[in-house]
Amino acid sequence: KISKNEFNYLKENQGKLLSIKGFLFLNSLSTKLTTESIENKDLIDVVLQIECNLKEMPNNHIFIDLSRLNEKKEVLFDLNTTFRLESIHQDKQIWLIKMIATNDGELIIKKYIEDTHRQIENVSISIIFGKLMCDMNEWNQSQKYFEFLMNGLSCNEDLAWIEHSMGQVYHWKGEWNEARIFYDRAYDRMMKADPVRMKDSALVLTNIGEVLHLQGKYEESYEFHEKALTIIKQYYSPNHAYMANSLENIARIHRRRLRNDEALIGLREALRIREAYYNDYHVDIAMNLNQIGNTLLCQGDYNEMFGYLNRAMSIYEKYYQSDHIYMVETLQTIAYLLYQQEKFDESFNIYQRIMRMARNIYPSGHFIIAEILLGIANIRNEQGMYDESLELYQQAVIMLMNYYSPAHLDIVYFLNCIGDVQLHGKVDYEKALEVHQQALTMLETYYPSYSSHIANCLNRIGNVKKARNQNNEALDYYNRALKLQKDYFSSDHIQLTSTIINIAHIFFIQRNYDEALEALEQALLIERKQNVSNHINMGTTLNNIGNVLFSQNKFDQALEFYQQSLTFSKQFDSLNYTTMSTTLWNIGNVLCAQKKYTEAFSFQQKSLNMREIYDPLNYTQIASNFNSIGTIRNNEGNYDEALIHYQKALTIYENYCPSCLQDMIV
1 KISKNEFNYL KENQGKLLSI KGFLFLNSLS TKLTTESIEN KDLIDVVLQI
51 ECNLKEMPNN HIFIDLSRLN EKKEVLFDLN TTFRLESIHQ DKQIWLIKMI
101 ATNDGELIIK KYIEDTHRQI ENVSISIIFG KLMCDMNEWN QSQKYFEFLM
151 NGLSCNEDLA WIEHSMGQVY HWKGEWNEAR IFYDRAYDRM MKADPVRMKD
201 SALVLTNIGE VLHLQGKYEE SYEFHEKALT IIKQYYSPNH AYMANSLENI
251 ARIHRRRLRN DEALIGLREA LRIREAYYND YHVDIAMNLN QIGNTLLCQG
301 DYNEMFGYLN RAMSIYEKYY QSDHIYMVET LQTIAYLLYQ QEKFDESFNI
351 YQRIMRMARN IYPSGHFIIA EILLGIANIR NEQGMYDESL ELYQQAVIML
401 MNYYSPAHLD IVYFLNCIGD VQLHGKVDYE KALEVHQQAL TMLETYYPSY
451 SSHIANCLNR IGNVKKARNQ NNEALDYYNR ALKLQKDYFS SDHIQLTSTI
501 INIAHIFFIQ RNYDEALEAL EQALLIERKQ NVSNHINMGT TLNNIGNVLF
551 SQNKFDQALE FYQQSLTFSK QFDSLNYTTM STTLWNIGNV LCAQKKYTEA
601 FSFQQKSLNM REIYDPLNYT QIASNFNSIG TIRNNEGNYD EALIHYQKAL
651 TIYENYCPSC LQDMIV
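Residue numbers (the UniProt record's numbering): 1 to 666.
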């Protein structure tokens, strides 16, 4: 039985090659289909008529009789076989699908077997076969297969590797407690062997570390990876694939600690090893590329990361013609990149696509589905759809809380997203403060050494205090955050800049312009010293300095910094239309203050056009443009046109931001 969607897909692809990246279990009782009624109207009964010339098929296409599995005598037909879909026609109530097996998947299977043998000496083809099923997302079939091997174990099979493989099945399925049980059994068996199988244990320790990482137990995970690395250094070549695995796993923990520079060093070294080791395309290389892309994304290096992600996808598409969880993860990174670049429609389309893929892979739910919901919620938040955004965030948090226990760093991040929407979108200060405080408590309880994450929470609480005009309290939170960051990183680390800018904003509000300017110049110095020419915040920092100078009536100096911001954005951040439109607006305001009304109008119009095209839902900023244009026309004595623009601004404020009316009246 197949679904209607699967059936329609097959009908559309008659005459084409089809790779079934799973394993066909053929039922010997299929003749009964002609007499049985269809119980599920959403499923379609089909009979696969497969032509296969055994003499022409390569030796590594394995046909295994699994008749002992149950009374229905299911037979595992093949693995990774490519078929030519010849025809589909109906015979009575049954659809007959005719396919011819080809050997197009031969090279991939051969390479998989060779690579596995290089990494695990003396492992049997039977175990490799089950591992391949697992690696191709066929977890239930792989589990069924390994259970069969354990129950009917022959003297030639290695029970430790079978138990390890069962752990990997549960690992992939997201059932981490069960995975840990089997990993521990495999490890204990290796340690009790005579002689002790210390060399083999490195892989098991690595997998235990990976499970702990997924559970949010990063420091415990780090200990297992360090232990595995010590064994790998003793028993394996420095350029072995296991060395790359350890380096990548440790790098991922560094990234969780927000030590992205250290993470990137480890990931690049892992990539170097893998490219030399495999001497070709390989899934592990693609995974490595995706991890580098993720780290560059954290650093705001969008230009370089896109190349890594494209390389990763090209490898996945060569390995997996159907959906695979690795493809979901890489597309997820690409979608987030597009979101950061404010390409919301493109980002949303990818999130929708991978949501379908993820639900198909994990029909019972998975944390990655929550992550995709988060991505969609981020887009809706930026589009001003705060209710929908909040609902999606809350769905995601509930899903994670049911999945993780009792706490997880991802839950902290999701809670902070909810708090941000409550603050900036719903303007509900009490709820925002409550959620951010919940996140802070979780961090201080379960991740007390993760000072940078705690600092981020303190910054968010400070933002709520600032919004409530509790500026002294806000400043206290910002200073606490800055102290934690200086102790955790260094006094000139890029992570400090956002906190320093927050402190500068408080000084600006309090009209302590000299102190505000000093703080902003410190932030800019850090950004330039780190040589982050493509750092997304530098344009904003230049704008903020211009704002302080503008408030001091230092118009020429302010204009100079605004021009620097505009030049920087055009050169390094050309897709950041939010920053560019703000800079154009600022330049227009300076020119208006200098009574250069014609030039001022030109910049305001450019800013307005950019916002209406690229950020049409940012109503308050569009209203600000109309208000500024009205001021220009009013100063020129063109009162009728000024009134028209003031009225446009007023209408927007009344509909979308009533609280903004007070500023307009003033």
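The beta carbon of each residue, even a glycine, is placed where N, CA and C say it ideally should be.
Owing to the predicted nature of the structure, the values given are computational and were not obtained by experimental measurement.
Within the stretch 79 to 155, complete alpha helix (DSSP H) segments of at least 4 residues are found at 106 to 119, 125 to 135 and 139 to 151, given in chain order. Per the C-alpha coordinates, the member of F146, W139 and K431 positioned closest to R460 is K431. Taking each of Y513, I250, I587 and P616 in turn and checking the Cα distance to H213, the smallest one comes out for I250. Counting along the chain, V427 sits inside no alpha helix (DSSP H), nor does DSSP assign it H or E at all. In terms of Cβ geometry, I273 and M243 form a close pair [threshold 8 Å].
If you compare the alpha carbons of I644, A523 and G384 with that of N655, the shortest gap goes to G384. The C-beta of K4 has fewer than 16 other C-beta atoms within 10 Å across all chains shown, which makes the residue exposed. Contact between the stretch 258 to 272 and the stretch 216 to 226 is absent: fewer than 3 CB-CB pairs across the two stretches fall below 8 Å. Burial check for M198: the Cβ neighbour count within 10 Å stays below 16, so the residue is exposed.
Contact annotation: M399 and I369 have beta-carbon atoms nearer than 8 Å. Between I372 and Q332, the C-beta spacing is below 8 Å.
Close CB contacts of V204 within its chain, under the 6 Å cut and outside five residues either way in sequence, are with H164, Y183, A186 and Y187 (chain order). Where Q564 is concerned, the enclosing alpha helix (DSSP H) starts and stops at F555 to F572. Counting along the chain, I494 sits inside no alpha helix (DSSP H), nor does DSSP assign it H or E at all. Between Y429 and V464, the gap from beta carbon to beta carbon is short of 8 Å. Collapsing the DSSP output to three states places E51 in a strand. Ranked by Cα distance from N635, the first of N618, K648, K606 and L591 is L591. The continuous alpha helix (DSSP H) containing M313 extends over residues Y302 to Y319. Nearest to G588 by C-alpha distance, out of T578, F601, T579 and M580, is F601.
Each of D135, E434 and K92 was checked against the Cα of I113, and the nearest Cα belongs to D135.
Residue pairing by DSSP places L43 opposite S3 in a beta bridge. Per DSSP, the continuous alpha helix (DSSP H) segment holding S624 begins and ends at Y619 to N635. Taking a C-beta distance under 8 Å as the contact criterion, A519 and Q485 do not qualify as a contact pair. For S237 and I120, the gap between their C-alpha atoms comes out near 14 Å.
Remark: C-beta atoms of F561 and Q594 do not approach each other more closely than 8 Å.
Secondary structure note for M287: its alpha helix (DSSP H) is the uninterrupted segment V283 to C298.
A distance of 8 Å or more separates the beta carbons of L415 and Q394. Distance between E473 and I376, taken at the CA atoms: about 33 Å. Secondary structure note for M166: its alpha helix (DSSP H) is the uninterrupted segment L159 to K173. Scanning its chain for C-beta atoms nearer than 8 Å, with the 5 sequence neighbours on each side dropped, one finds around H645 the residues F626, N627, I629, G630 and R633, in chain order.
Shortest Cα-Cα distance from M99 to any of S201, T567, M191 and F83 involves F83. For H240, there is no enclosing alpha helix (DSSP H), as DSSP marks it with neither H nor E. Taking a 10 Å sphere around the C-beta of R356, we find fewer than 16 other C-beta atoms and assign the residue as exposed. If only uninterrupted alpha helix (DSSP H) runs of at least 4 residues are considered, those enclosed by the UniProt repeat "TPR" (455 to 488) are 471 to 488. I325 and Y362 have their C-alpha atoms spaced approximately 9 Å apart.
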